[in-house]
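Visitor:
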Amino acid sequence: MILIANLIETIKEDEKTLAIVIRSNFNKEGLTFPTSEDAFLQLGIHNNKRGVEIKAHKHNVIKRLADITIEEIFYVQKGKISVGIYNFDNNKIKDVIIASGDLIIVYGGHSLKFLEDSKVIEVKQGPYRGKEKDKVYIDDTSM
394 MILIANLIET
404 IKEDEKTLAI
414 VIRSNFNKEG
424 LTFPTSEDAF
434 LQLGIHNNKR
444 GVEIKAHKHN
454 VIKRLADITI
464 EEIFYVQKGK
474 ISVGIYNFDN
484 NKIKDVIIAS
494 GDLIIVYGGH
504 SLKFLEDSKV
514 IEVKQGPYRG
524 KEKDKVYIDD
534 TSM
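With positions in the sequence shown counted from 1, the corresponding number in my numbering is that position plus 393.
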């Protein structure tokens with residue numbers, strides 16, 4: 394587990410990243426990418442002073458040769474949720490509480506439990522192929 398001023402937590406098992414939690418009060422100046430350079434879904438946090446400009450640009454098309462694992466981002470706009478984090482053997486590692494303004498990226502199995510009335514934004518790669526092809530449910534008796 395890596396902590397940057399206790400505001401970014403990387404949850405790992407056997408050197409594999411399972412999740413990254415970014416707390417709402419993370420305030421490092423400039424651009425910070427908590428995701429690794431080889432992650433399929435990149436997340437950057439811009440914290441810049443007034444007047445900073447980023448020149449107009451677009452990104453090159455990258456041809457991928459490998460299968461990708463779907464990564465998801467959950468941003469809690471309001472409320473509080475518990476996110477169950479599972480390793481790649483489908484065993485629950487821990488529960489993480491995230492609240493208004495917090496964000497989590499999950500790289501493997503996960504569950505969500507709404508602890509308060511909440512509004513959560515979810516971002517993941519597409520295309521969506523339907524429930525039967527898109528996900529596999531984990532048999533978890535701890536919920």
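From the three backbone atoms N, C-alpha and C, an ideal C-beta is built for every residue, glycine too.
Starting from E525, trace the alpha helix (DSSP H) in both directions and tell me its first and last residue.
Guide: 524 to 527
Visitor: Examine the Cβ distances between the segment 492 to 512 and the segment 463 to 477 and report whether three or more of them are shorter than 8 Å.
Guide: yes
Visitor: Three-state secondary structure (DSSP) at F507?
Guide: strand
Visitor: By alpha-carbon positions, which one of G494, S429, G501, K451 ends up nearest to I486?
Guide: The shortest Cα separation from I486 among G494, S429, G501, K451 belongs to G501.
Visitor: When you compare the CB positions of Y479 and I404, do they come within less than 8 Å of one another, or not?
Guide: Going by beta carbons, Y479 and I404 fall outside the 8 Å limit.
Visitor: Report the CB separation of I463 from K517 in whole angstroms; it is logged as a contact under 8 Å.
Guide: 6 Å
Visitor: Does DSSP put A406 in a helix, in a strand, or in coil?
Guide: Residue identity differs from the one stated: residue 406 is Glu in this sequence, not Ala. Of the three classes helix, strand and coil, the one that applies to E406 here is strand, per DSSP.
Visitor: If we require 4 or more residues per run, which alpha helix (DSSP H) segments fall completely within the segment 464 to 510?
Guide: none
Visitor: By DSSP, does H452 sit in helix, in strand, or in coil?
Guide: Three-state result, H452: coil.
Visitor: Mind checking whether T425 and I438 have CB atoms under 8 Å apart?
Guide: yes
Visitor: Nearest to V513 by alpha carbon, out of V469, K528, R522?
Guide: V469
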